[in-house]
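**Student:** My structure is below; once you've seen it, I'll send some questions.
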Amino acid sequence: MVGDTGVLVGSDADPMLHDWRGVYTGDAVAVVRPSSTEEVSAVMSWAADHGVVVVPQGGNTGLSGAATPQPGRSTGTPQPDRSTATKPSDGADDRPCIVLSTARLNRIIELDISGWTMAVEAGTTIQAVQEAAAGVGRLFGPDWGARGTATVGGAIATNAGGINVVRYGTMRDQILGLEVVLADGRIWNGLRALRKDSTGYDLKHLFIGSEGTLGVVTRAVVRLQPPADYSRTAMAALPDLDQLMPLFALARSSNPDALTAFELMPDSAVARVCSLFDVYHPFGGGSGSAEHYALIRLASHRPVTDALADLLARASERGLITDAVLATTSSQEEQLWFIRDHLSASAIYPLHPHGLKMDTAVPISSMARFLDTVQAVAAEMVPDAVVYGFGHVGDGNIHLYILPSDESAIERFRTIKPQLTARIDRATFELGGTLSAEHGIGQELRTRIAPQKPSVEWDLMGRIKRQLDPDNRVNPGVLFPPPGP
Ligand SMILES: Cc1cc2nc3c(=O)[nH]c(=O)nc-3n(C[C@H](O)[C@H](O)[C@H](O)COP(=O)(O)OP(=O)(O)OC[C@H]3O[C@@H](n4cnc5c(N)ncnc54)[C@H](O)[C@@H]3O)c2cc1C
0 MVGDTGVLVG SDADPMLHDW RGVYTGDAVA VVRPSSTEEV SAVMSWAADH
50 GVVVVPQGGN TGLSGAATPQ PGRSTGTPQP DRSTATKPSD GADDRPCIVL
100 STARLNRIIE LDISGWTMAV EAGTTIQAVQ EAAAGVGRLF GPDWGARGTA
150 TVGGAIATNA GGINVVRYGT MRDQILGLEV VLADGRIWNG LRALRKDSTG
200 YDLKHLFIGS EGTLGVVTRA VVRLQPPADY SRTAMAALPD LDQLMPLFAL
250 ARSSNPDALT AFELMPDSAV ARVCSLFDVY HPFGGGSGSA EHYALIRLAS
300 HRPVTDALAD LLARASERGL ITDAVLATTS SQEEQLWFIR DHLSASAIYP
350 LHPHGLKMDT AVPISSMARF LDTVQAVAAE MVPDAVVYGF GHVGDGNIHL
400 YILPSDESAI ERFRTIKPQL TARIDRATFE LGGTLSAEHG IGQELRTRIA
450 PQKPSVEWDL MGRIKRQLDP DNRVNPGVLF PPPGP
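Note that numbering that gives the first Met the number 0 has the sequence shown beginning at 0, numbered continuously upward.
Here's what the structure looks like:
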């Protein structure tokens, strides 16, 4: 069905059976790599006939274990016996499984310059889309550290965000049309390039954020933007975290069209990245450093250096910042963003699998309160822990980690983790927030996510899943909370 190079087994398949952080691992008969929509359709039909579970996988850069198969699956040869196909949505499920990789679906199909759209296959990387757009004087808005590996299909399936959401929105805002292969192998061609369409349910939105549980996205039409010819970034030192959101409000109100990114970076992590990668600390490190920085990018078709300098001056007058570094060349700007790209705890803190990872979003006006609450809860329950928050605060999202201080603290941390998690989750819900802003639910948040949505919403989501995948074969064991006791 997929040619000689289309199937990987044994050690060749192994990297696709773990997530990149090394937190999740699972079993599969093989990794199958179709190279066309028709091949995906053939594989999905075969999987339906043989009762085989399918786990779609793009670049495998996800942060919630959503692209990793479950452990304990049979690795024997699948038999054409549909009687084994229907299994409960949870519990013992040893049906054989394949990982369906989109690695070979990586072509740019059409670049419509005057229509400001691009049609791509789902396995195309975010960077390839960015570069193709830039090559014809257009811009693809989304961007984040994993750009070189993360794929369009994975980004759609997680409704990815990244550093430019404040300007261009999430992945959902980029998608005009989709083609999807359904659980039974049928192809839905919704590959439209329309900006307006008032003809009923907009089905593409079902698949955006579905984490591969409703089918395999094979192609997409994405929206392109006018490029920003000028870009400048500043790293501003904050006197304390209370000034973070007032600084954001000032940046936004004084540069409503040019503000492209507004990120929080703690010095502990900046210093760690600088020492790990042998990069110069923008504030020199040591006594020249503050505890927290805001990384602010303005971009526009007009020069922005003066506007950024003006913003920094006004922020300083108001006591919102104590110092700032303004990158005046592209290479200085790249260096600041290199530090930001490498801030994830998984990259710099070896004890990250033992800690508590959060991808929280709260209404922007509640961000300061949320940060205060987390600091207070951590100080009370695990006073010696490393508390470490960074990310896209300009869109209300923060990546927060609470980590054991060292190896000797792991066991104590493990004991207290459930209560710690419950208190922070409760605070998130009380502020009207979400446990997952952009990383998805995956395997990671399944047991915590139920209280976030009304039971009617889970019921509707379950009905949609059962309609499109009655045998619960397409990426089971992610996204939905496990059934109650
Ligand atoms: C250094 C680093 C920085 C990151 N920064 C950000 C960030 O700022 N913002 C952000 O949102 N994310 C970020 N991520 C997470 C990750 O890059 C995104 O979640 C990305 O969207 C995943 O894409 P992927 O191709 O790797 O998908 P995978 O990890 O392979 O899969 C993710 C999910 O998508 C499903 N899926 C994949 N392809 C398809 C398809 N074709 N059809 C249906 N389902 C599919 C999988 O089943 C799984 O549920 C970061 C990751 C790293 C490593």
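Every residue, glycine too, gets a C-beta built ideally from N, C-alpha and C.
Who does C96 pair with in a DSSP beta bridge?
**Tutor:** Paired residues: V52.
**Student:** Compare the beta carbon distance of L444 and L459 with 8 Å and say whether it is the shorter of the two.
**Tutor:** Their beta carbons are not under 8 Å apart, which means L444 does not touch L459 by this criterion.
**Student:** Could you pull out every residue in the same chain whose Cβ sits closer than 8 Å to the Cβ of L213, ignoring the five residues on either side in sequence?
**Tutor:** Cβ neighbours of L213 beyond the five flanking positions: V179, L181, A182, L205, F206, I463, K464, L467, D468 and V473.
**Student:** Taking the Cβ atom as the reference point for each residue, do V324 and A260 lie within a distance shorter than 8 Å?
**Tutor:** No.
**Student:** Over what stretch of residues does the alpha helix (DSSP H) that includes V272 continue unbroken?
**Tutor:** It spans D266 to L275 - the alpha helix (DSSP H) in which V272 sits, taken as one unbroken run.
**Student:** Quick one: using the 10 Å Cβ neighbour count with 16 as the cut-off for buried, is Y200 buried or exposed?
**Tutor:** Burial call: exposed.
**Student:** So does P55 have its beta carbon nearer than 7 Å to some heavy atom of ligand 1?
**Tutor:** True, at least one ligand heavy atom lies under 7 Å from that Cβ.
**Student:** Looking only at its chain, what residues have a beta carbon closer than 6 Å to the beta carbon of A46, apart from the 5 residues adjacent to it on each side?
**Tutor:** Contacts found: V53.
**Student:** Name the two residues that bound the continuous alpha helix (DSSP H) containing V373.
**Tutor:** Looking at the DSSP string, the run of the alpha helix (DSSP H) that includes V373 is M366 to M380.
**Student:** Just checking A121 against ligand 1 - is the residue's beta carbon closer than 7 Å to any of the ligand's heavy atoms?
**Tutor:** Yes; taking the cut-off as 7 Å, the Cβ of A121 has a heavy atom of ligand 1 nearer than that.
**Student:** When you compare each of A344, K356, R422 and I409 to A375 by their alpha carbons, which one comes out closest?
**Tutor:** Among A344, K356, R422 and I409, the Cα nearest to that of A375 is on R422.
**Student:** Go ahead and pull the three-state DSSP assignment for M357.
**Tutor:** Reduced to three states, the DSSP call for M357 is strand.
**Student:** Where does S82 land, buried or exposed, given buried means 16+ other C-beta within 10 angstroms?
**Tutor:** Bear in mind that the predicted position of S82 carries a pLDDT of just 44, short of 50, making it too unreliable to give a figure here.
**Student:** With a cut-off of 8 Å on the beta carbons, I'd call A326 and L335 a contact; round off their distance for me.
**Tutor:** Yes, they are in contact, since the Cβ atoms of A326 and L335 sit about 6 Å apart, within 8 Å.
**Student:** Would you check if the distance between the CB atom of F369 and the CB atom of M264 is smaller than 8 Å?
**Tutor:** No, the Cβ-Cβ distance between F369 and M264 is not below 8 Å.
**Student:** In chain order, which alpha helix (DSSP H) runs of at least 4 residues are fully inside the stretch 176 to 257?
**Tutor:** Whole alpha helix (DSSP H) segments, 4+ residues: 203 to 206 and 243 to 253.
**Student:** Buried or exposed: where does L485 fall if 16 or more other Cβ atoms within 10 Å of its Cβ makes it buried?
**Tutor:** This structure cannot speak to residue 485, because the chain is shown only from 0 to 484.
**Student:** Cβ-heavy atom distance between N188 and ligand 1 below 7 Å?
**Tutor:** No, the beta carbon of N188 sits no closer than 7 Å to any heavy atom of ligand 1.
**Student:** Which full runs of the alpha helix (DSSP H) of 4+ residues lie inside the stretch 305 to 347, going along the chain?
**Tutor:** DSSP runs (the alpha helix (DSSP H)) wholly in the stretch 305 to 347: 329 to 340 and 344 to 347.
**Student:** Should the stretch 293 to 300 be regarded as contacting the stretch 225 to 241, the criterion being three or more beta carbon pairs within less than 8 Å?
**Tutor:** They touch, by the three-pair rule.
**Student:** Go ahead and label G2 buried or exposed: buried means 16 or more other beta carbons lie within 10 angstroms of its beta carbon, across all protein chains shown.
**Tutor:** Exposed, since its Cβ has fewer than 16 Cβ neighbours within 10 Å.
**Student:** Just how far apart, CA to CA, sit Q242 and T414?
**Tutor:** Straight-line Cα distance between these residues: approximately 35 Å.
**Student:** How is the beta strand (DSSP E) around V128 delimited, first residue to last?
**Tutor:** First-last for V128: I125 to G134, but that is the alpha helix (DSSP H), not the beta strand (DSSP E).
**Student:** Less than 8 Å separating the beta-carbons of S253 and L310?
**Tutor:** In contact: S253 and L310 (Cβ atoms closer than 8 Å).
**Student:** Tell me the start and end of each unbroken alpha helix (DSSP H) in the stretch 407 to 442 that is at least 4 residues and wholly inside, in chain order.
**Tutor:** With a minimum length of 4 residues, the continuous alpha helix (DSSP H) runs that stay inside the stretch 407 to 442 are 409 to 429.
**Student:** Count the other CB atoms within 10 Å of the CB of E262; is the residue buried (16 or more) or exposed (fewer)?
**Tutor:** E262 is buried by the Cβ-count criterion.
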